[in-house]
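So the sequences go chain by chain: R and F. Under full-length UniProt numbering, the first residue of the first sequence is numbered 1, with each subsequent residue one higher. Under full-length UniProt numbering, the first residue of the second sequence is numbered 1, with each subsequent residue one higher. Here is the structure we will look at.
There are 2 protein chains.
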Amino acid sequence: MGGAVKVYGVVASPFVATVLLCLEETGVGYELVPVDMAAREHKTDPHLSRNPFGKIPALEDGELTLFESRAISRYVLRKYGSGTRPDLLRESSLEESAMVDVWTEVEAQQYLPAISNIVRQCVIMPLIGGVRDQAVVDENVGKLGKVLDVYEARLSSSPYLAGDFFSLADLAHFAFTYCLVAGTEYAPLLEKRVSVRAWWGRIMARPAVRKVAALIDLGLLKPLLSA
Amino acid sequence: MGGAVKVYGVVASPFVATVLLCLEETGVGYELVPVDMAAREHKTDPHLSRNPFGKIPALEDGELTLFESRAISRYVLRKYGSGTRPDLLRESSLEESAMVDVWTEVEAQQYLPAISNIVRQCVIMPLIGGVRDQAVVDENVGKLGKVLDVYEARLSSSPYLAGDFFSLADLAHFAFTYCLVAGTEYAPLLEKRVSVRAWWGRIMARPAVRKVAALIDLGLLKPLLSA
């Protein structure tokens, strides 16, 4: 019963891309099932039976259906991320798992509100026929810079956010940051901070990351860059 | 060296109250160390060494310092919530812990943005000498109602959000919901939905919840109600 893990969504959503990256890191097979956002398929059944809030991604694994990308990420890493794969949750250590949780929450509460506004204005708006609001961009570039100042201090004393190991805390930053770096003129926000730049380089060197980056190029940035 | 767990913050912050509730549920001893927000103590050292983003709460447990209330909550429940205490994370079951994570994320992503705006306008603004913006309140009452419609459907088939057990997913809703119910005229948002009302009754019946509710009365609602 069940078969392969199914992810419902489109890779143009950074939240979907985050889930795909978790799956790629574990090496488990999965199927990406497209959801036609333009036709509002996510706001009708059967998608509403997968996520009653009508958002993507949703995940099916046998009889289990999950939504909310961070909850899905934890589940995927917990179920499939053991054995020979890198342990991205560190739940066997109270202290290490706590630091993973702290910096995963920092991504959600401090980093994401700023970077998502920039990516929405600079990358998504042109794709849907809108025009970017530069005042919104400027305000959030300021906010993101302040957050990155804290990251620079943190990453000057440890190679990854939670410590000396790559974890969900770093992984959770990938999708929006890749859109910012590859799809906007704001890559210098990261590049001019030496420890942040080195951290980003370590993330981009991972095979799973390069694979999902290629999917984002194809699904989101190529239509934009060739427009 | 170590000693009791220390929580830095004020109970007037629902994020601090959430951490206190986790500690009360586990029964572990703790000390609440006040932070003088009016004097901007949270934006200066030594608090910035506890949380580089200058927010509350922060937690010290021996040599470990943590911030971000959800990360602290997980740590407290994981470290002190075992044995004879109720297991509020359910990490021994892949499926149950995934459902706890899903509905804990729903609180963060769907519920909190709406309810926090209402509580900020109706409870916090009068305390700091401001005037509530009723348009903001009305917009968020509409949003919260739609979220609670999904909750009503969910809670009509299970007594708690993640299933038939009280968990972090329910606990995470307590502090802001209590401020809404006890400190604003919008309690009917919950009361008119029968399954939501029954769920809220089950939460409020817990001894740990009643203890923290009394602290919120004292620290946040009493100055308001007696003003």
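Even glycine gets a Cβ: it sits at the ideal position worked out from N, Cα and C. The structure displayed is predicted, hence computed values, not measured ones.
Run the CB neighbour count on R/L20, radius 10 Å, all protein chains shown included, and call it buried at 16 or more, exposed below.
On the first sequence, residue 20 of chain R is found 20 positions in, with the first residue counted as 1. Burial call: buried.
Less than 8 angstroms between CB atoms is the rule here; does R/L21 satisfy it with respect to chain F?
Taking the first residue of the first sequence as position 1, residue 21 of chain R is located at position 21. Proximity of R/L21 to chain F, defined by a Cβ-Cβ separation below 8 angstroms, is not satisfied.
Less than 8 angstroms separating the beta-carbons of R/D170 and R/I203?
As a working note, residue 170 of chain R is residue 170 in the first sequence. As a working note, residue 203 of chain R is residue 203 in the first sequence. In this structure, R/I203 lies closer than 8 angstroms to R/D170 by Cβ.
Quick one: residues in its chain with C-beta nearer than 8 angstroms to the C-beta of R/R210, no 5 flanking neighbours on either side, listed in chain order?
Residue numbering aside, residue 210 of chain R sits at position 210 when the first sequence is read from its first letter. The residues are M204.
Contacts around R/A227, its chain only, beta-carbon distance under 6 angstroms, and the 5 residues preceding and following it disregarded:
Along the first sequence, read from residue 1 onward, the residue named residue 227 of chain R stands at position 227. Confidence at R/A227 is low in this model, with a pLDDT of 48, below 50, so the placement of that residue should be treated as unreliable; the coordinate-derived value is given next. Taking R/A227 as the centre and dropping the five residues before and after it, the same chain places no C-beta closer than 6 angstroms to its C-beta.
Can you check whether the CB of F/V123 is closer than 8 angstroms to the CB of F/P57?
For the purposes of this step, residue 57 of chain F is taken as the residue at position 57 of the second sequence. For the purposes of this step, residue 123 of chain F is taken as the residue at position 123 of the second sequence. Between F/P57 and F/V123, the C-beta gap is not smaller than 8 angstroms, which leaves the two residues out of contact.
Exposed or buried, what is R/V147 when buried is set at 16 or more other beta-carbons lying within 10 Å of its beta-carbon?
For the purposes of this step, residue 147 of chain R is taken as residue 147 along the first sequence, with counting starting at 1. Looking at its Cβ environment, which holds 16 or more other Cβ atoms inside 10 Å, R/V147 is buried.
Taking F/K6 as part of the beta strand (DSSP E), name the residues at either end of that continuous run.
In the second sequence, the residue the question calls residue 6 of chain F occupies position 6. Run containing F/K6: 5-8, per the beta strand (DSSP E) assignment.
Minimum C-alpha distance to R/S69 - residue among R/L218, R/E31, R/A175:
Start at 1 with the first residue of the first sequence, and residue 69 of chain R comes out as number 69. Nearest of R/L218, R/E31, R/A175 to R/S69, Cα basis: R/A175.
When Cβ atoms are compared, which residues of the region 63-74 of chain R fall closer than 7 angstroms to chain F?
When C-beta distances to chain F are compared with 7 angstroms, the residues of the region 63-74 of chain R below that value are L64, L66, F67, E68, R70, A71, R74, in chain order.
Any Cβ of chain R within less than 8 angstroms of the Cβ of F/E95?
Translated into the one-based positions of the second sequence, residue 95 of chain F becomes position 95. Taking CB atoms only, F/E95 has a neighbour in chain R less than 8 angstroms away.
When you compare the CB of R/D101 with every CB in chain F, is at least one pair closer than 8 angstroms?
Start at 1 with the first residue of the first sequence, and residue 101 of chain R comes out as number 101. Interface criterion met: the Cβ of R/D101 is under 8 angstroms from a Cβ in chain F.
Select from F/N117, F/F15, F/G83, F/F67 the residue whose C-alpha is nearest the C-alpha of R/V100.
Taking the first residue of the first sequence as 1, we reach residue 100 of chain R at position 100. The residue with the shortest Cα to Cα distance from R/V100 is F/F67.
Endpoints, beta strand (DSSP E) assigned at F/V33
By one-based count along the second sequence, residue 33 of chain F stands at place 33. Start and end: 30-33.
In chain R, which residues lie less than 7 angstroms from F/Q110 when you measure between Cβ atoms?
Here the question's residue 110 of chain F lines up with position 110 in the second sequence. What F/Q110 touches in chain R: F53.
Is there contact between the region 37-45 of chain R and the region 84-92 of chain R, where contact requires at least three CB pairs shorter than 8 angstroms?
Judged by Cβ distances under 8 angstroms, the region 37-45 of chain R makes no contact with the region 84-92 of chain R, as fewer than three pairs qualify.
Beta-carbon neighbours of F/E152, restricted to chain R and to distances below 8 angstroms:
As a first step, residue 152 of chain F is located in the second sequence; it is residue number 152 there, counting from the start. Correct list: empty, because the minimum Cβ distance to chain R is about 11 angstroms.
Measure the alpha-carbon distance for R/M1 versus F/W200 and round it to whole angstroms.
Counting from 1 along the first sequence, the entry for residue 1 of chain R is found at position 1. Counting from 1 along the second sequence, the entry for residue 200 of chain F is found at position 200. Any reading at R/M1 must be qualified, since the residue scores a pLDDT of 41, below 50, and its modelled position is unreliable; the value itself is stated next. So the two alpha carbons sit approximately 37 angstroms from each other.
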